[in-house]
Amino acid sequence: MKVFGLVGSPSGDSRSAALLNAALTRLSQAQAHTNTLLVRDLPAVPLLLAQGESEAIQQAVQRLLSADVVLVSTPIYKAAYSGLLKLFLDLLPPDALRGKTVVPLATGGSPAHFLALDYALKPVLSALGARLILDGVFGTDDQFTRAPGGGYGLDETLSKRLDRALAPLLQPAPSPTPREVALV
713 MKVFGLVGSP SGDSRSAALL NAALTRLSQA QAHTNTLLVR DLPAVPLLLA QGESEAIQQA
773 VQRLLSADVV LVSTPIYKAA YSGLLKLFLD LLPPDALRGK TVVPLATGGS PAHFLALDYA
833 LKPVLSALGA RLILDGVFGT DDQFTRAPGG GYGLDETLSK RLDRALAPLL QPAPSPTPRE
893 VALV
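All residue numbers for the sequence shown refer to this note's numbering, where the first residue is 713 and numbers rise by one.
Below you can see the structure in the form of structure tokens.
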């Protein structure tokens with residue numbers, strides 16, 4: 713399974729990235745091949761001017777298109793996903809997520825914004841062709857603890873919700889049933 717993680721946070725050390733990294737760690741332990749794109753690392757001018765022909769943008773889009781599973785992680789600002797994420801999503805082909813399993817992840821200051829996953833992020837993922845969108849995971853600031861040396865850890869409640877959301881990806885594929893051979 714090829715997993716692509718997309719972080720739409722403008723911050724270098726964000727809770728959104730920590731939530732995505734926790735998900736990618738779980739999936740890599742299940743033998744998934746993972747890679748991550750921090751949208752903030754793309755060149756600003758091509759991103760802001762919607763210059764999809766930029767080599768860096770094309771490479772990022774190709775990485776997403778080659779994945780089986782796409783995890784999209786964003787902070788919620790004013791009841792919507794980040795503008796930085798919006799800039800990147802606008803550069804994707806119309807059916808970029810068709811045939812992929814998508815997991816929306818979001819973080820925010822309070823539980824008041826958790827519906828932004830359903831009312832802001834999921835509709836745009838659907839518009840990009842996503843038909844299999846797993847349960848989203850929303851974490852509030854108080855569900856993260858600052859780790860020594862930087863970064864964030866997830867509290868037990870958030871960790872369990874993440875495990876539940878990823879469970880369909882972590883279950884082993886059913887083994888094929890042997891077919892009976894008719895004797896002639």
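All residues carry an ideal CB built from backbone N, CA and C; glycine is no exception.
Distances from the alpha-carbon of residue 847 to those of 741, 839, 853, 875 put 875 closest.
With fewer than 16 other Cβ atoms inside 10 Å of its own Cβ, residue 806 counts as exposed. In this structure the segment 827 to 838 does not touch the segment 858 to 878; the number of beta carbon pairs closer than 8 angstroms is below three. Nearest Cα to residue 816 within the set 845, 766, 743: 845. Per the DSSP secondary-structure output, residue 715 pairs in a beta bridge with 746, 781. Where residue 877 is concerned, there is no enclosing beta strand (DSSP E), although the alpha helix (DSSP H) around it starts and stops at 868 to 882. Per DSSP, the unbroken alpha helix (DSSP H) holding residue 758 starts and ends at 756 to 760. With contact defined as three or more Cβ pairs closer than 8 angstroms, the segment 796 to 805 and the segment 749 to 758 are in contact. Taking every protein chain shown into account, the CB of residue 745 has fewer than 16 other CB atoms within 10 angstroms, so this residue is exposed. In this structure, residue 786 sits away from residue 734, with a CB-CB distance that is not shorter than 8 angstroms. Looking only at 843, 725, 880, 757, the smallest Cα-Cα distance to residue 861 is reached by 725. The beta carbon of residue 800 sits closer than 6 angstroms to those of 751, all from its chain and outside the five residues before and after it, given in chain order. Here residue 812 has 779, 780, 781, 782, 842 as same chain residues with Cβ atoms under 7 angstroms from its own Cβ, once five neighbours each way along the sequence are excluded. Of the residues assessed, residue 822 falls on the exposed side of the cut-off, its CB having fewer than 16 other CB atoms within 10 angstroms. Residue state for residue 722 is assigned as coil, using DSSP reduced to three classes. Taking all protein chains shown into account, residue 730 has 16 or more neighbouring C-beta atoms within 10 Å of its C-beta and is therefore buried. Separation of residue 852 and residue 791 (C-alpha to C-alpha, rounded to the nearest whole angstrom) is 13 angstroms.
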